[in-house]
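> Last residue of the sequence shown: 199 in our numbering, with the numbers rising by one and none dropped.
We treat Cβ as the ideally placed atom computed from N, Cα and C, and that holds for glycine.
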Amino acid sequence: MKFNMNKKILKIGYVFVCSIIIFSKECYGYLDPSAMTYIVQIVAAIGITVATSIGIFIYKIKRFFRRKKEEKENKDE
123 MKFNMNKKIL KIGYVFVCSI IIFSKECYGY LDPSAMTYIV QIVAAIGITV
173 ATSIGIFIYK IKRFFRRKKE EKENKDE
């Protein structure tokens, strides 16, 4: 099931990237080096936020199952 889910996500990503390439328009403009720095900072902040959120979510799931396991062991004793 997990393999099929990954395949589906890859297909959606492929369609998304292809549609961006096909339907893009030419745009001429100047990007100041300081503007690129802001863009890099925004991308880094989003990446760090997503990674931290996923880490916290995984930690809470592990803690939930660990408590259930400990409660089951205490009942058995």
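If I measure Cβ to Cβ from R185 and keep anything under 7 angstroms in the same chain, skipping five residues before and after, which residues do I get?
Working through the sequence shown from its first residue, we reach residue 185 at position 63. Same-chain partners within the cutoff: there are none.
> Taking only the alpha-carbon atoms, compute the straight-line gap between E193 and S146 and give it to the nearest angstrom.
Locating residue 193 in the sequence shown gives position 71, where the first residue counts as 1. Locating residue 146 in the sequence shown gives position 24, where the first residue counts as 1. Near 57 angstroms, if we compare the C-alpha coordinates of S146 and E193.
> In chain order, what are the residue ranges of uninterrupted alpha helix (DSSP H) at least 4 long that sit wholly in the segment 130 to 199?
155 to 198
> Roughly how many angstroms lie between the CA atoms of V162 and L153, to the nearest whole one?
Here the question's residue 162 lines up with position 40 in the sequence shown. Here the question's residue 153 lines up with position 31 in the sequence shown. So the alpha carbons of these two residues sit roughly 13 angstroms apart.
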